[in-house]
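Colleague: Below: one structure in structure tokens.
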């Protein structure tokens with residue numbers, strides 16, 4: 068996580084007086100970092116920016132001759148050099164100060180879902196009861212339940228910082244305490260355990276396949292603290308690792324591009340398909356060159372997240388061939404996501 072400020076000096080100079088007070092301001096929402104010839108365009112919120120893993124890796128390999136520069140949006144091409152002392156401190160932090168997390172054991176539960184698409188109203192009714200808001204002194208974000216033991220998935224940047232304890236607010240204002248139990252920097256996700264959650268109905272996960280462009284999707288979460296917000300759209304594209312978003316998006320992860328609105332505070336909430344199955348975790352919106360992009364929103368694929376934690380997939384049902392179909396109790400139809408229909 069990067070946080071920065073700009074400083075405006077007021078008062079009188081050698082020849083003129085500005086009659087303005089000195090002030091500190093957050094960095095603009097779009098900045099660009101340069102490490103030698105490599106550039107990283109970052110999109111932030113209130114002066115905070117998530118640093119891509121590929122930037123971290125370059126800093127870890129840096130030396131005393133490595134040049135790092137910062138360019139602010141609207142700065143007419145001017146760049147600000149980052150001091151060698153700062154680079155050295157970052158290198159030390161990244162190589163020695165990153166906590167190693169133990170992967171929790173997680174077994175995917177196959178869920179029965181509708182064979183056909185259901186209404187947006189029904190999706191909201193079924194899904195919002197498992198969507199939560201995460202709050203602490205630093206800010207807020209969204210998350211959702213993925214098992215019946217109160218385990219919550221969210222974005223890493225939602226829980227970034229020193230404080231790993233959160234207040235969890237569920238539908239109806241139900242509150243519980245939460246603690247970060249696992250963080251994955253590369254894929255930008257985290258797992259949070261909840262204490263005292265009375266409602267722990269997990270959402271069905273589309274664990275077996277990626278969605279396809281054109282499919283309807285629904286994004287749910289708490290943008291700007293507005294809990295229970297529902298937006299709709301389609302899958303615009305599937306963006307695979309090391310594609311055109313390299314240096315902007317989380318590394319080594321498949322992204323689901325959608326025009327369903329994703330705003331600050333919505334990060335960590337679920338992106339679900341027309342049957343209410345989670346296909347991704349809402350992550351960021353992309354403004355593009357000049358900050359003029361519209362409806363360019365992205366979610367980290369739930370398939371990639373489950374693979375990253377070595378989640379155990381359900382065993383396939385086996386048919387007993389010598390029994391007639393009407394007696395074959397083991398014959399159950401599943402959809403392309405892996406769930407019962």
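Residue numbers (this note's numbering): 68 to 408.
Beta carbons: idealized from backbone N, C-alpha and C, even for Gly.
1. By DSSP, does residue 162 sit in helix, in strand, or in coil?
2. Hey, would you say residue 176 sits closer than 8 Å to residue 203, going by beta carbons?
3. Quick check: residue 294 and residue 200, are their CB atoms within less than 8 Å of each other?
4. State the Cα-Cα distance for the pair residue 183 and residue 275, rounded to the nearest angstrom.
5. What separation, rounded to the nearest whole angstrom, lies between the Cα atoms of residue 197 and residue 400?
6. Have a look at 225, 180 and 338 and flag the residue whose alpha-carbon is nearest the alpha-carbon of residue 368.
7. Considering only C-alpha positions, which residue in the set 119, 136, 380 and 260 is nearest to residue 151?
8. Should residue 379 be labelled buried (16 or more other beta-carbon atoms within 10 Å of its own) or exposed?
9. Rounded to whole angstroms, what is the Cα-Cα separation between residue 100 and residue 118?
10. Would you call the segment 229–241 and the segment 264–274 in contact, with 3 or more CB pairs under 8 Å?
11. Among 160, 336, 321 and 130, which one has its Cα closest to the Cα of residue 375?
12. Using the DSSP secondary-structure output, state which residues sit across from residue 286 in a beta bridge.
13. Can you tell me where the beta strand (DSSP E) holding residue 234 begins and where it ends?
14. DSSP on residue 156, reduced to helix/strand/coil?
15. Mind the definition here: the segment 296–308 touches the segment 272–288 only if three or more C-beta pairs lie below 8 Å; say whether that holds.
16. Taking 8 Å as the threshold (C-beta atoms), are residue 102 and residue 139 in contact?
17. Provide the residue(s) that pair with residue 308 in DSSP beta bridges, ordered along the chain.
18. Within 10 angstroms of the Cβ of residue 405, are there 16 or more other Cβ atoms? Answer buried if so, exposed if not.
19. Quick check on residue 239 - is its C-beta less than 8 Å from some C-beta in chain B?
20. What's the gap between the Cα of residue 342 and the Cα of residue 402?
Modeller: If we stick to the structure as given:
1. helix
2. no
3. yes
4. 18 Å
5. 26 Å
6. 338
7. 136
8. exposed
9. 10 Å
10. yes
11. 321
12. 298 and 338
13. 232–236
14. helix
15. yes
16. no
17. DSSP lists no partner for residue 308.
18. buried
19. Among the chains of the structure shown, chain B does not appear; only one protein chain is present.
20. 11 Å
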